[in-house]
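Take a look at the structure below.
Protein chains: 2
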Amino acid sequence: MALHGGIDLGGTKIQAVVVDEDHSVLGSARRPTPTSGGPADVVKEMEVALRDAAKAAEVEPAALAGVGVGSPGVIGDGSVSGAGNLPGWEGTFAVAPTLEAALGCQVRVDNDVQVATDAEFKLGAGRIYSSLLGVFWGTGVGGGLILDGRAWTGLGGAGEIGHMVVKMGGARCTCGRVGCMEAYAGRAAMERHARKLQQEGRKTDLFKLMEQRERTRLTSGIWTRALDNGDEMATDIIDRAVRALGAGIASACNLLDVEGVIIGGGLGIRLGHPYAKRIAAEMLPHLFADSRPPHVHVAALGDLGGAIGAALLLERDREPAASG
Amino acid sequence: MALHGGIDLGGTKIQAVVVDEDHSVLGSARRPTPTSGGPADVVKEMEVALRDAAKAAEVEPAALAGVGVGSPGVIGDGSVSGAGNLPGWEGTFAVAPTLEAALGCQVRVDNDVQVATDAEFKLGAGRIYSSLLGVFWGTGVGGGLILDGRAWTGLGGAGEIGHMVVKMGGARCTCGRVGCMEAYAGRAAMERHARKLQQEGRKTDLFKLMEQRERTRLTSGIWTRALDNGDEMATDIIDRAVRALGAGIASACNLLDVEGVIIGGGLGIRLGHPYAKRIAAEMLPHLFADSRPPHVHVAALGDLGGAIGAALLLERDREPAASG
Chain A
1 MALHGGIDLG GTKIQAVVVD EDHSVLGSAR RPTPTSGGPA DVVKEMEVAL RDAAKAAEVE
61 PAALAGVGVG SPGVIGDGSV SGAGNLPGWE GTFAVAPTLE AALGCQVRVD NDVQVATDAE
121 FKLGAGRIYS SLLGVFWGTG VGGGLILDGR AWTGLGGAGE IGHMVVKMGG ARCTCGRVGC
181 MEAYAGRAAM ERHARKLQQE GRKTDLFKLM EQRERTRLTS GIWTRALDNG DEMATDIIDR
241 AVRALGAGIA SACNLLDVEG VIIGGGLGIR LGHPYAKRIA AEMLPHLFAD SRPPHVHVAA
301 LGDLGGAIGA ALLLERDREP AASG
Chain B
1001 MALHGGIDLG GTKIQAVVVD EDHSVLGSAR RPTPTSGGPA DVVKEMEVAL RDAAKAAEVE
1061 PAALAGVGVG SPGVIGDGSV SGAGNLPGWE GTFAVAPTLE AALGCQVRVD NDVQVATDAE
1121 FKLGAGRIYS SLLGVFWGTG VGGGLILDGR AWTGLGGAGE IGHMVVKMGG ARCTCGRVGC
1181 MEAYAGRAAM ERHARKLQQE GRKTDLFKLM EQRERTRLTS GIWTRALDNG DEMATDIIDR
1241 AVRALGAGIA SACNLLDVEG VIIGGGLGIR LGHPYAKRIA AEMLPHLFAD SRPPHVHVAA
1301 LGDLGGAIGA ALLLERDREP AASG
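Chains A and B supply the protein sequences, listed in that same order. The numbers in the first sequence follow my numbering, run straight up by one, and end at 324. The numbers in the second sequence follow my numbering, run straight up by one, and end at 1324.
Dropping the structure here:
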């Protein structure tokens, strides 16, 4: 039986899995993404994570039929360029050849958000649809599109739903632009906003929680805890994010009229169904086809979706070419 | 040689053409859209417009291989429902059967914006692209999509680019929602805004020009004349519209990463290339892929594009089915 490996390279963690032909997870491992060094250090950690997952699955990496990688940045022919939230990764690094040499099996690389969307489409909450929008709510807000059963990637850069403008002249985004959905809903932007409000004198336990947990950033877990504790400022910031997500996702649906919306990403999965419902409610006032709104689901594959989707990359060779 | 008729049903005018197999226009005619009565009266005017175009082309309507209609509202099986900007057209009217009985040839009906986008894709400014966004800037702002060489209509309601949110909590749209691109850029919304500003004491010649021309609405021609005259208020309102178009179209491009954008519609065509350039410039600060922005063109088929596109509907029977 052919086993595949999958690696989800995120800004904070590297998640690896080994799956069988039914996409059942036989082994998994997680490592923090290096915050210093360069691409070679990050790829070394990817190798270690995959080795750990293979060990858990009781298989040698070289015995895998192949390993897929979902990565941020611009992907081209096994290389990754300009992955801004990874250390020292402004240039191009040949991820696939490096990992192939290290692991002894073939490696495929594609966009992290697109492989996670593919996974939800083929195995997760999007199985019942032929068109869907994946929204990955985490450090940033990424989008993936399935139209007529196939991934839509445009000229290679489609899916930047986080940088749709929801408020002209509004908040400055971490990307430098103004009024992007991510400027309100991305975890990085929310943290910046929280620091500013705290400096202006508003009370919050967010940063106290961060220190208690010995973290350097406001993780999804910290936000969730603060919400559970009734932290007023955290609640306000998340409410503002949910409103922006509602406006931005509704805009995308007005343009594309897809059947379903899948909410994934660190925050999306952590906050789960009650927040997917709230996002759907915030979409409604902006939806043109409000008599038949799209179905909104939480990503069914959870935290492992990105890595499972990466493992699916090896199956693409046996399929018709994707559009776009 | 098979000749086809095409009818573009607009909120202010009905444009009809007769074209040959090379899509050359052999005859055309235009009539104002009735502002009172009901669907039957509108369809009667469509019949008269088509008869006039056929007369100019020296052909009997019954000798046409067919007539295509581009219509606003919801299209289903030859019927049109809920065409809000047409008189008394809240319900459903069987346009195709009525016109078939009157003209003696087969009739096909589809969405006005989609047929105009198809025409630009097949015959106009979009010929060189396999993916494009058509933006029709007139009374409202409509959108049409070609992805991977085929029309994308989603569940039937895709392309509502005018109702993408560009400013949460912003201006109220003629659709009743808040912050839509059309609330800033649609001619109907701009006229409402102009009346309000005039009532607040701002000076403008817009309404004087309207009276001089014996019109009841601020047409594209009136806006253009006011701009040419250096009317400050008209200039401000159009600038605001261009900014909103820039933000909304950039948002759509961030999501879809299409090759080209075609600006059509009454205002888009009347204002032409200098304004397409201005829209492109206003898109740039919001574009994620700003190192390779999409090409922005004015619709090459001009005012007749919608009617020519409607005539193309008859060719669809000889093509693979469209997606979505």
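Glycine included, C-beta positions come from ideal geometry on N, C-alpha and C. Computed from a prediction, not measured in an experiment: that's the story for all the values here.
Residues of chain B with CB closer than 8 Å to the CB of residue i, please, in chain order.
i: G143/A; result: L1255
i: A250/A; result: V1165
Which word fits residue i, buried or exposed, when buried means at least 16 other C-beta atoms lie within 10 angstroms of its C-beta?
i: L1304/B; result: buried
i: N229/A; result: exposed
i: P1061/B; result: buried
i: E328/A; result: Residue numbering for chain A in the displayed model covers 1 to 324; residue 328/A lies beyond these limits and cannot be assessed.
i: P1032/B; result: exposed
i: E1282/B; result: buried
i: G156/A; result: exposed
i: S251/A; result: buried
i: M1001/B; result: exposed
i: E211/A; result: exposed
For a cutoff of 8 Å on Cβ pairs, would you count residue i as touching chain B?
i: F288/A; result: yes
i: A280/A; result: no
i: M168/A; result: yes
i: L284/A; result: no
i: E243/A; result: According to the sequence displayed, residue 243/A carries Arg and not Glu. Yes, contact with chain B.
i: A189/A; result: no
i: A357/A; result: What the structure shows of chain A is the stretch from 1 to 324, and residue 357/A is not part of that stretch, so it cannot be assessed.
Answer yes or no: does any C-beta atom of chain A fall closer than 8 Å to that of residue i?
i: V1258/B; result: yes
i: W1152/B; result: yes
i: G1156/B; result: yes
i: G1324/B; result: Caution applies to G1324/B, whose pLDDT of 36 falls short of 50 and renders its modelled position unreliable; the model cannot decide the point.
i: S1291/B; result: no
Using the Cα positions of residue i and residue j, report the straight-line distance between them to the nearest angstrom.
i: G221/A; j: P274/A; result: 16 Å
i: L1218/B; j: M1190/B; result: 9 Å
i: G84/A; j: E90/A; result: 6 Å
i: L313/A; j: D110/A; result: 8 Å
i: G264/A; j: V298/A; result: 6 Å
i: K1055/B; j: T1235/B; result: 42 Å
i: Y184/A; j: V135/A; result: 15 Å
i: T216/A; j: L209/A; result: 11 Å
i: N1254/B; j: E58/A; result: 43 Å
i: D257/A; j: G1159/B; result: 8 Å
i: G302/A; j: A53/A; result: 17 Å
i: S79/A; j: D41/A; result: 15 Å
i: A1101/B; j: I1249/B; result: 41 Å
i: A1310/B; j: R202/A; result: 59 Å
i: S24/A; j: A1096/B; result: 53 Å
i: Q199/A; j: R225/A; result: 21 Å
i: V1115/B; j: Q106/A; result: 46 Å
i: G1324/B; j: I146/A; result: Only weak support exists for where G1324/B lies, its pLDDT of 36 falling under 50; the coordinates are left without a value.
i: A1247/B; j: T92/A; result: 31 Å
i: E315/A; j: I308/A; result: 12 Å
I want to verify the contact list: residues of chain B whose CB lies under 7 Å from the CB of residue i, in sequence order.
i: S81/A; result: Within 7 Å Cβ-Cβ: nothing; S81/A doesn't reach chain B, min ~12 Å.
i: R177/A; result: P1285, H1286
List, in order along the chain, the chain B residues whose C-beta lies closer than 9 Å to that of residue i?
i: G159/A; result: N1254, L1255, L1256, D1257
i: R127/A; result: Near R127/A there are no residues of chain B at all, since even the closest Cβ is about 18 Å away, more than 9 Å.
Following the continuous alpha helix (DSSP H) through residue i, name the residue where it begins and the one where it ends.
i: S1131/B; result: Premise fails: S1131/B is in no alpha helix (DSSP H) and is neither H nor E.
i: Q1114/B; result: 1112 to 1122
Quick one: which chain A residues come within Cβ less than 7 Å of residue i?
i: S1131/B; result: G154
Terminal residues of the continuous beta strand (DSSP E) containing residue i?
i: N229/A; result: Counting along the chain, N229/A falls outside any beta strand (DSSP E), and DSSP gives it neither H nor E.
i: P1039/B; result: No beta strand (DSSP E) holds P1039/B; the alpha helix (DSSP H) holding it covers 1039 to 1056.
i: Q1015/B; result: 1013 to 1019
i: L1142/B; result: The sequence shown places Gly at residue 1142/B, not Leu. G1142/B -> beta strand (DSSP E) spans 1141 to 1147.
i: P1032/B; result: 1025 to 1032
i: V95/A; result: No beta strand (DSSP E) contains V95/A, which is instead part of the alpha helix (DSSP H) from 95 to 103.
i: I1007/B; result: 1004 to 1009
i: I263/A; result: 260 to 264
i: I75/A; result: 74 to 76
i: H163/A; result: Note, H163/A: premise wrong, no beta strand (DSSP E); not H, not E.
i: G1070/B; result: 1066 to 1071
Does any C-beta atom of chain C lie closer than 8 Å to the C-beta of residue i?
i: C253/A; result: You won't find chain C in this structure, because its protein chains are A and B.
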